[in-house]
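First up is the structure itself, then whatever we jot down about it.
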Amino acid sequence: MMPSNQSRPLVAQSDGTLLLSESHPRYAEARDILRDVAELRKRPGEWHTYRITPVTLWNAAASGWTAEEVVANLRDLARYGLPALLEAEIRSLMGRYGKLRLVREDELVLRSEDPGLLREALSYPGVDACLLGPPACDSVPIRPEARGWIKRELIARGYPIVDEAGYRAGEALDVELRRTTEDGRTVALRDYQAEAVEAFAPAAGGRRESGSGVVVLPCGAGKTWVGMGALARLRCETLILTPNATSVSQWIRELLRNTTLRERDVGVYAGERKEVRPVTVATYQILTHRQTKDGGFPHWKLFVDRNWGLIIYDEVHLLPAPVFRMTADLQATRRLGLTATLVREDGREGDVFALIGPKRYDAAWKSLEREGWIAKPTCREVRVPLDEETAPLYQAAPKRARHRIAGENPLKLDALRRLLSLHPERQTLIIGQYLDQLRFVSDRLGLPVITGSMPQSERERLFDRFNRGELNALAVSKVANFAVDLPDASVAIQISGSYGSRQEEAQRLGRILRPKSNGADVYFYSLVSEGTDEVEFARKRQQFLLEQGYRYEVDRFVPEAPSSSPTPAPKEART
DNA sequence: GATTCTGAAA
DNA sequence: TTCCCTTCAGAATC
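Residues in the first sequence are numbered consecutively from 1, following my numbering.
Encoded structure:
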């Protein structure tokens, strides 16, 4: 029998760091709880590092957790107890959630049953400019235009505001999901998509503060369907914002195919076309475009051109700062954020929470995989040594230049050849960061390479050949991060990547996650130069996928000595 | 009038 | 911290 202190899987530190033992029998139970109340930071081996932050606690509170439940669960899991400091922090932060509420009375009012808390919150500089009149003991009238500003400002200071002031209905729109598409396929939301719509906009009344917030779904799980479901539920004129033009046409196509909207109801506001229709799809880019350096934002009027009842923010983790600013002024309009990850590289999770809303629904990648909605990937990191010429070059190079030398390690070509030979029948994408390297690889392997400078028409020709199986492998640059219409492959090999972008890693894996017609598993390889900074960068990039429950195995590529007979690379699996 | 090219911004 | 891709707008070219 285990000693009693070994019977618990978690070590909790007073700064909010939580260490979870992977091999512990209660690991799965603990992981499911930490998913709701903390975020995973590192997963290097036996001990997984989680972190509790104010935003993770408030998201937990928004989805119904009480401080008492969080404390009780952590206590039950913590091997050496829950540090008093951390417990106090959890109680204090979560205790504040719901204590400050924005409500609509005759006017917009910030209300609290805790006069001390309200006084504290109002004491911060700038807050008095938001007030419409003098504060009473338990409430204070707020200027309607300051609704977003005050939420954002106070959350940054540790005071979350629950917004129950409701939303304008927007112009009504007669729209529903079709029963079947024109080519006869049945239109229906999957269970998790319907649950997400329900969590965002409950059918009958429901919680007054829902109707704004974020739905988290993995790539390929059909986020547009959640958007269409919300549209059909709320039946109002809707503005949809997306990160790029490909995604704009995808939204338009899906809306026409699966809802009762007709062509004249749906508009594109991007590039050449500036249509404003009952449902309008625009890019973030056009909204943030400015004529001159000091000029305003000429396209912002789109936000008020019509009486939108709903704004959908696709890929909300990419929302640019200026659109955040604009969104602060639009708090009376319902907002739906869609994303595969709430994590932002710029650390503005608090802005998403305050200005779009709390997390309303979150489907774990792993559970969708079990149900067959996304493919099951095998992820391998392959360590490739530097050759005799490159190693001294790397050592001598200034720190800044090293990443590129490691990324372009010529031995990666041999490793690539070997990986390709493992899956000769599979459609394979080779994804890289440097155009020089991609051209080198494509030249040696006799493959076409697609980069940003290739015209769209030519890309499509290559995609067609790839989809028809005339081409087994295709090298692609960073276009892979953006082009939504990239064909389906079942093997992806990453030969170089940018400095630790978790976002990018998820996108690239997403390229192969669409379920295969034959139900086949898929493979994701990442080539990393051994003994270089790339190892650390790769670790950082992998973080998000590890958080979703994927694991990477580490192999070492052993180049064949030119004279000796070829031997297979010894495999050394690590976690 | 439509297209391709170019530069700036992020 | 670089490299890369995308987008917008206006100019050049057919």
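Virtual Cβ for every residue (Gly too), placed ideally from N, Cα, C.
Fair warning: this is a prediction, and the values are worked out from it, not measured in the lab.
Practice task
Say whether the stretch 142-159 touches the stretch 104-122, bearing in mind that this needs 3 or more beta-carbon pairs closer than 8 Å, one atom from each stretch.
Solution key: Contact annotation: the stretch 142-159 touches the stretch 104-122, with at least three C-beta pairs closer than 8 Å.
Handout entry: Backbone secondary structure at glutamine 427 - three-state DSSP
Key = On the first sequence, position 427 is the one that residue 427 refers to. In the structure shown, glutamine 427 sits in coil (DSSP, three-state: anything other than H, G, I, E or B).
Handout entry: Alpha-carbon spacing of isoleucine 150 relative to valine 140, whole angstroms
Key = Within the first sequence, numbered from 1, the residue matching residue 150 stands at position 150. Within the first sequence, numbered from 1, the residue matching residue 140 stands at position 140. For isoleucine 150 and valine 140, the distance between alpha carbons rounds to 12 Å.
Handout entry: proline 377 classed as buried or exposed, judged by whether at least 16 other C-beta atoms fall within 10 angstroms
Key = Within the first sequence, numbered from 1, the residue matching residue 377 stands at position 377. When all chains shown are included, proline 377 counts as buried.
Problem - Cutoff 7 Å; reference aspartate 15; Cβ partners in own chain excluding five residues on either side - result: Counting from one through the first sequence, the residue named residue 15 turns up at place 15. Within the same chain, aspartate 15 has no close Cβ partners at all.
Exercise for the section: Would you identify the three-state DSSP class for asparagine 478, choosing helix, strand or coil? Expected result: Translated into positions along the first sequence, residue 478 becomes position 478. Checking the sequence shown, residue 478 turns out to be lysine, not asparagine. Lysine 478 falls in the coil class under three-state DSSP.
Problem - proline 243 beta carbon less than 7 Å from that of threonine 288 - result: Here the question's residue 288 lines up with position 288 in the first sequence. Here the question's residue 243 lines up with position 243 in the first sequence. No. Outside cutoff.
Exercise for the section: Specify, as a first and last residue, the run of the alpha helix (DSSP H) that aspartate 32 falls within. Expected result: Taking the first residue of the first sequence as position 1, residue 32 is located at position 32. Element bounds for aspartate 32: 27-37.
Handout entry: Under 7 Å between C-beta atoms of alanine 121 and tyrosine 97
Key = Translated into positions along the first sequence, residue 121 becomes position 121. Translated into positions along the first sequence, residue 97 becomes position 97. Contact: no.
Practice task
Indicate whether arginine 514 and aspartate 488 have their beta-carbon atoms separated by less than 7 Å.
Solution key: In the first sequence, the residue the question calls residue 514 occupies position 514. In the first sequence, the residue the question calls residue 488 occupies position 488. It is a contact, given that the beta carbons lie within the stated cut-off.
Practice task
Quick one: which unbroken alpha helix (DSSP H) runs of 4-plus residues sit fully inside the stretch 79-115? Chain order, please.
Solution key: 84-96
Exercise for the section: Take leucine 57 as the anchor and find which of Lys42, Glu46, Leu86 has the nearest alpha-carbon. Expected result: For the purposes of this step, residue 57 is taken as the residue at position 57 of the first sequence. Out of Lys42, Glu46, Leu86, Leu86 has the C-alpha closest to the C-alpha of leucine 57.
Practice task
Note down, in chain order, each residue of its chain lying with its Cβ closer than 6 Å to the Cβ of alanine 397, except the 5 sequence neighbours on either side.
Solution key: Counted from its first residue, the first sequence places residue 397 at position 397. Excluding residues within five positions, the ones whose Cβ falls inside 6 Å are Ile405.
Problem - Residue nearest to glycine 296 in terms of C-alpha spacing, selected from Ala354, Met326, Asp314 - result: Looking up residue 296 in the first sequence gives position 296. It is Met326 whose Cα lies nearest to the Cα of glycine 296.
Practice task
Have a look at Ser210, Val214, Ser501 and flag the residue whose alpha-carbon is nearest the alpha-carbon of alanine 340.
Solution key: Sequence index remark: in the first sequence, residue 340 carries index 340 (1-based). Comparing Cα-Cα distances from alanine 340 to each of Ser210, Val214, Ser501, the minimum goes to Val214.
Problem - isoleucine 356 versus proline 125 - alpha carbon distance - result: Position 356 of the first sequence, counting from 1, holds the residue named residue 356. Position 125 of the first sequence, counting from 1, holds the residue named residue 125. Cα-Cα distance, rounded: 24 Å.
Exercise for the section: Kindly indicate the opening and closing residues of the alpha helix (DSSP H) around glutamine 507. Expected result: Along the first sequence, one-based indexing puts residue 507 at 507. Looking at the DSSP string, the run of the alpha helix (DSSP H) that includes glutamine 507 is 502-510.
Handout entry: Collapsed DSSP secondary structure at alanine 165 in the structure displayed
Key = As a first step, residue 165 is located in the first sequence; it is residue number 165 there, counting from the start. Coil at alanine 165, not helix or strand.
Practice task
Over the uninterrupted alpha helix (DSSP H) stretch that includes lysine 399, give me the two end residues.
Solution key: Here the question's residue 399 lines up with position 399 in the first sequence. It spans 399-407 - the alpha helix (DSSP H) in which lysine 399 sits, taken as one unbroken run.
Handout entry: Span of the alpha helix (DSSP H), counted from its first residue to its last, around aspartate 346
Key = Counting from one through the first sequence, the residue named residue 346 turns up at place 346. First-last for aspartate 346: undefined, no H or E at that position.
Exercise for the section: Give me the Cα-Cα distance between leucine 132 and lysine 99, rounded to the nearest whole angstrom. Expected result: Position 132 of the first sequence holds residue 132. Position 99 of the first sequence holds residue 99. Rounded to the nearest angstrom, the two C-alpha atoms are 20 Å apart.
Practice task
Could you pull the start and end residues of the alpha helix (DSSP H) that glutamine 395 belongs to?
Solution key: Looking up residue 395 in the first sequence gives position 395. For glutamine 395, the enclosing alpha helix (DSSP H) starts and ends at 390-396.
Practice task
Count the other CB atoms, across all protein chains shown, that sit within 10 Å of the CB of glycine 407; report buried if there are 16 or more and exposed otherwise.
Solution key: To locate residue 407, count along the first sequence from 1; it is residue 407. When all chains shown are included, glycine 407 counts as buried.
Exercise for the section: Jot down the residue ranges of each uninterrupted beta strand (DSSP E) in the stretch 205-284, minimum 3 residues, whole runs only, in chain order. Expected result: 213-216, 238-242, 266-270, 279-283
Handout entry: For serine 496, three-class secondary structure by DSSP
Key = Residue 496 sits at position 496 when you count from the first residue of the first sequence. Three-state result, serine 496: coil.
Exercise for the section: Measure the beta-carbon distance from serine 210 to arginine 91 and round it to whole angstroms, keeping in mind my assumption that it falls under 8 Å. Expected result: Here residue 210 refers to the residue found at position 210 of the first sequence. Here residue 91 refers to the residue found at position 91 of the first sequence. About 25 Å separates the two Cβ atoms, so there is no contact after all.
Exercise for the section: From the DSSP output, read off the bridge partner residues of valine 528. Expected result: Position 528 of the first sequence holds residue 528. Answer is Arg383.
Handout entry: Own chain, CB closer than 8 Å to arginine 277, minus 5 neighbours either side, in chain order
Key = Indexing the first sequence from 1 puts residue 277 at position 277. When the five nearest sequence neighbours on each side are left out, the beta carbons in the same chain lying within less than 8 Å of the beta carbon of arginine 277 are those of Arg264, Asp265, Val266, Gly267, in order along the chain.
Handout entry: Outcome for arginine 290 when other beta-carbon atoms lying within 10 angstroms are tallied against a minimum of 16
Key = Residue 290 sits at position 290 when you count from the first residue of the first sequence. Exposed is the call here.
Problem - In DSSP terms, what tryptophan 373 is bridged to - result: One-based indexing of the first sequence puts residue 373 at position 373. Note: tryptophan 373 sits in no beta bridge, so no partner.
Practice task
For valine 304, count neighbouring Cβ atoms within 10 angstroms of its own Cβ and tell me buried if that reaches 16, exposed if not.
Solution key: Working through the first sequence from its first residue, we reach residue 304 at position 304. Valine 304 comes out exposed.
Exercise for the section: Kindly indicate the opening and closing residues of the alpha helix (DSSP H) around lysine 301. Expected result: Within the first sequence, the letter at position 301 stands for residue 301. Per DSSP, lysine 301 belongs to no alpha helix (DSSP H) and is neither H nor E.
Handout entry: Integer Cβ distance of serine 247 from aspartate 314, believed to fall under 8 Å
Key = Counting from one through the first sequence, the residue named residue 247 turns up at place 247. Counting from one through the first sequence, the residue named residue 314 turns up at place 314. 6 Å between Cβ atoms; contact.
Problem - Residues that DSSP places opposite histidine 48 in a beta bridge - result: Taking the first sequence and counting its residues from 1, one reaches residue 48 at position 48. DSSP output for histidine 48 lists Leu20 as bridge partner(s).
Handout entry: DSSP-derived helix/strand/coil call for valine 127
Key = Counting from 1 along the first sequence, the entry for residue 127 is found at position 127. If DSSP states are grouped into helix, strand and coil, valine 127 belongs with the helices.
Handout entry: Neighbour-count burial assignment, glycine 446, 16 or more Cβ in a 10 Å radius
Key = Residue 446 sits at position 446 when you count from the first residue of the first sequence. When all chains shown are included, glycine 446 counts as exposed.
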